[in-house]
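Novice: Residue numbers (the working numbering): 147 to 576.
Yeah, the Cβ is synthetic: ideal placement off N, Cα and C, and Gly gets one too.
Predicted model, so just to flag it, every value in this text is computed and none were measured.
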Ligand code: AMP
């Protein structure tokens, strides 16, 4: 059957050398996370659909339109069919794991990071994919572990500023808001509902529905015609109680103390239902076009309880790794493209076994090595070697028997005879 099989719409293959940049981003993130005391968590890519329905929220775009959900058949009498979903985000999975493994009972603050694919059936465009990757972290724990402290919000934000700066990304703006606690929120939502009643009919169809089911989501609306009306709606800042106000003020004070710049955005509610108090996004000036949100996050003090767990306040973020790499590419960042140390060129197929044994020895010594093949002509070996390696090591019939090899360094054009004993130190020299 001659069908043309291609990667599914909205998914893509990542190939070298681009993957070098992905590795650089991940290595930098891992190094920063380690310095801030985070450990890695890996949760499954599929979860019970209920996790996202309850955690992320039925009315969010993610849950109502974008999830890859299927009915998973039971394979045995003892199993039940189950609705499963490819994770559209990772916070719900981390909190599920926190509850399942009773991490709260350790009494310690949990600082966890993850790196992995997420799935949303969105309309694909530059910087928006159906399989995309997130680098994220969560700080969560029982209230006695200090998990509610505004210091944690500021620490996470300062860590993000440090991570971006270490990657050479400087033209970001941090937008910050507080969406209030679970007691502030209902008062605000009531006020929002009341304010929406008289203007509802002028909004888009989605917002007319949201005005009834989940008025906060109206603030996320991207329809241009709706914006002038949205601008007149009440602001959450006016509905925060004293504690929430003090919490937010303490976050800002800690950010000021370590010189992290931010802009307050009273409309930043973010597209997920679980957020409380601090919410934030890092937006990019350049490189990302319309999909300019590099990362987003916030506090989710009630999420564990929404999922049937103990009280476990937390704060976290998710950075779009695809967008991070696009940003790095726009900055012309390159993961130091390192050529191999040597390319071994056997002259004749009889030399192939010797060439492989030599390659093994050099690789064991820590050198980066590739090989040609005895069927290649000398010219072809030189051309292939020059593309990928700093030096070529020629293995002719004589060389294999005498143990004296010909080594050419491409940068200088110098060609020398080297004994096998000297070879490793020669290849390690610059
Ligand atoms: P969210 O989980 O919606 O808060 O998104 C956090 C970050 O993930 C965003 O700021 C984006 O950088 C990234 N992101 C979300 N959805 C996509 C997508 N469909 N394609 C690529 N990146 C995405």
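Quick check on residue 232: does DSSP put it in helix, strand or coil?
Specialist: The residue you call residue 232 lines up with position 86 of the chain shown. Reduced to three states, the DSSP call for residue 232 is strand.
Novice: Any heavy atom of the ligand SAM inside 6 Å of the beta-carbon of residue 274?
Specialist: Looking for the ligand SAM in the displayed structure turns up nothing; the ligands present are the ligand AMP.
Novice: Under the three-state reduction of DSSP, which class applies to residue 282: helix, strand or coil?
Specialist: The count along the chain shown starts at 1 and reaches residue 282 at position 136. Residue 282 falls in the strand class under three-state DSSP.
Novice: Sort 533, 518, 559 and 560 by Cα distance to residue 542 and report the nearest one.
Specialist: Here residue 542 refers to the residue found at position 396 of the chain shown. The option with the nearest alpha carbon to residue 542 is 518.
Novice: Does the ligand AMP have a heavy atom nearer than 6 Å to the CB of residue 441?
Specialist: Counting from one through the chain shown, the residue named residue 441 turns up at place 295. Result yes, Cβ under 6 Å from the ligand AMP.
Novice: Does residue 376 come out as helix, strand or coil in the three-state DSSP assignment?
Specialist: In the chain shown, counting from the first residue as 1, residue 376 sits at position 230. The answer is helix: DSSP assigns residue 376 an H, G or I state.
Novice: So, for residue 328: in the same chain, excluding its five sequence neighbours on each side, which residues have a beta-carbon less than 8 Å away from its beta-carbon?
Specialist: Numbered from its first residue, the chain shown carries residue 328 at position 182. Contacts found: 422, 447 and 448.
Novice: Measuring CA to CA, which of 515, 522 and 510 is closest to residue 582?
Specialist: Only positions 147 to 576 of the chain appear in this structure, which leaves residue 582 out of reach.
Novice: Could you say which of 366, 299, 379 and 374 lies nearest to residue 336 if we only look at CA atoms?
Specialist: The count along the chain shown starts at 1 and reaches residue 336 at position 190. It is 379.
Novice: So, for residue 204: in the same chain, excluding its five sequence neighbours on each side, which residues have a beta-carbon less than 7 Å away from its beta-carbon?
Specialist: Taking the chain shown and counting its residues from 1, one reaches residue 204 at position 58. So the qualifying residues of the chain are 210.
Novice: So what does residue 187 bridge to, in DSSP terms?
Specialist: Numbered from 1 along the chain shown, position 41 holds the residue referred to as residue 187. Its beta-bridge partners do not exist; DSSP assigns none.
Novice: From 527, 163 and 300, pick the residue whose C-alpha is nearest to that of residue 403; which is it?
Specialist: Here residue 403 is taken as the residue at index 257 of the chain shown, counted from 1. It is 300.
Novice: Which whole-angstrom value describes the C-beta separation of residue 385 and residue 334, a residue pair presumed to lie in contact below a C-beta threshold of 8 Å?
Specialist: Residue numbering aside, residue 385 sits at position 239 when the chain shown is read from its first letter. Residue numbering aside, residue 334 sits at position 188 when the chain shown is read from its first letter. Sure, about 4 Å apart at Cβ, within 8 Å.
Novice: Return the Cβ separation of residue 201 and residue 238 in integer angstroms, given the expectation that the two are a contact with Cβ distance under 8 Å.
Specialist: If you number the chain shown from 1, residue 201 lands on position 55. If you number the chain shown from 1, residue 238 lands on position 92. Right, the Cβ-Cβ distance comes to about 4 Å (below 8 Å), so this counts as a contact.
Novice: Just the C-alpha distance for residue 226 and residue 193, rounded to the nearest angstrom, thanks.
Specialist: Within the chain shown, numbered from 1, the residue matching residue 226 stands at position 80. Within the chain shown, numbered from 1, the residue matching residue 193 stands at position 47. The alpha-carbon atoms of residue 226 and residue 193 are separated by roughly 15 Å.
Novice: Check whether the Cβ atoms of residue 233 and residue 191 lie closer than 7 Å to each other.
Specialist: In the chain shown, counting from the first residue as 1, residue 233 sits at position 87. In the chain shown, counting from the first residue as 1, residue 191 sits at position 45. Yes, the pair counts as a contact, with Cβ atoms nearer than the cut-off.
Novice: Measure the alpha-carbon distance for residue 563 versus residue 174 and round it to whole angstroms.
Specialist: Taking the chain shown and counting its residues from 1, one reaches residue 563 at position 417. Taking the chain shown and counting its residues from 1, one reaches residue 174 at position 28. Cα-Cα distance, rounded: 41 Å.
Novice: So residue 272 and residue 435 are in contact, right, with Cβ under 8 Å, and what is the actual spacing, rounded?
Specialist: As a position in the chain shown, residue 272 is number 126, starting the count at 1. As a position in the chain shown, residue 435 is number 289, starting the count at 1. The Cβ separation is near 6 Å, so the contact holds.
Novice: Would you call the stretch 463–471 in contact with the stretch 275–290, where contact means no fewer than 3 C-beta pairs closer than 8 Å?
Specialist: Result yes; three or more Cβ-Cβ pairs closer than 8 Å.
Novice: For residue 154, which of helix, strand or coil comes out of DSSP?
Specialist: The residue you call residue 154 lines up with position 8 of the chain shown. Looking at residue 154 - three-state DSSP - the assignment turns out to be coil, as it is neither helix nor strand.
Novice: Assuming residue 394 contacts residue 424 (C-beta within less than 8 Å), just tell me the rounded distance between them.
Specialist: Walking along the chain shown from the start, residue 394 turns up at place 248. Walking along the chain shown from the start, residue 424 turns up at place 278. So it is a contact: roughly 7 Å between Cβ atoms.
Novice: Which one of 369, 338 and 339 has the shortest CA to CA distance from residue 351?
Specialist: Mapped onto the chain shown, residue 351 falls at position 205. Here the closest residue by C-alpha is 369.
Novice: Keeping to the same chain, check which residues put their C-beta closer than 6 Å to that of residue 539; ignore five residues upstream and five downstream.
Specialist: Residue mapping note: residue 539 aligns to position 393 of the chain shown, counting from 1. These residues qualify, in order along the chain: 488, 490, 551 and 553.
Novice: Going by Cα to Cα distance, which pick from 285, 208, 298 and 323 is closest to residue 269?
Specialist: Taking the chain shown and counting its residues from 1, one reaches residue 269 at position 123. Out of 285, 208, 298 and 323, 208 has the C-alpha closest to the C-alpha of residue 269.
Novice: Just checking, does the stretch 161–180 make contact with the stretch 305–321 on the three C-beta pairs under 8 Å criterion?
Specialist: With a cut-off of 8 Å, the stretch 305–321 and the stretch 161–180 count as touching, because enough Cβ pairs lie within range.
Novice: Would you kindly work out how many angstroms separate the C-alpha atoms of residue 510 and residue 168, rounded to a whole number?
Specialist: One-based indexing of the chain shown puts residue 510 at position 364. One-based indexing of the chain shown puts residue 168 at position 22. Each residue's alpha carbon lies about 26 Å from the other.
Novice: Can you say whether residue 257 is buried or exposed, counting buried as having 16 or more other CB atoms within 10 angstroms of its CB?
Specialist: Residue 257 sits at position 111 when you count from the first residue of the chain shown. Looking at its Cβ environment, which holds 16 or more other Cβ atoms inside 10 Å, residue 257 is buried.
Novice: Assuming residue 123 and residue 486 are in contact, meaning their beta carbons sit under 8 Å apart, how far apart are those beta carbons, in whole angstroms?
Specialist: Only positions 147 to 576 of the chain appear in the structure, and residue 123 is not among them; the question remains open.
Novice: According to the Cβ coordinates, are residue 290 and residue 460 closer than 7 Å?
Specialist: Numbered from its first residue, the chain shown carries residue 290 at position 144. Numbered from its first residue, the chain shown carries residue 460 at position 314. Cβ atoms of residue 290 and residue 460: not closer than 7 Å.
Novice: When burial is assigned at 16 or more other CB atoms within 10 Å of the CB, is residue 547 buried or exposed?
Specialist: Against the chain shown, residue 547 aligns to sequence position 401. Burial call: exposed.
Novice: Within this structure, are the beta carbons of residue 345 and residue 353 separated by less than 7 Å?
Specialist: The residue labelled residue 345 in the question sits at position 199 within the chain shown. The residue labelled residue 353 in the question sits at position 207 within the chain shown. No, these two residues do not count as a Cβ contact at 7 Å.
Novice: Mapping DSSP to helix, strand and coil, what is residue 314?
Specialist: Position 168 of the chain shown, counting from 1, holds the residue named residue 314. In the structure shown, residue 314 sits in coil (DSSP, three-state: anything other than H, G, I, E or B).
Novice: Verify whether the separation of the beta carbon atoms of residue 338 and residue 361 is less than 7 Å.
Specialist: In the chain shown, counting from the first residue as 1, residue 338 sits at position 192. In the chain shown, counting from the first residue as 1, residue 361 sits at position 215. Yes, these two residues count as a Cβ contact at 7 Å.
Novice: Mapping DSSP to helix, strand and coil, what is residue 333?
Specialist: In the chain shown, residue 333 corresponds to position 187, counting from 1. Residue state, collapsed to three classes: helix.
Novice: Got a sec: does the ligand AMP put a non-hydrogen atom nearer than 6 Å to the Cβ of residue 466?
Specialist: Your numbering for residue 466 matches position 320 in the chain shown. Residue 466: yes, Cβ under 6 Å from the ligand AMP.
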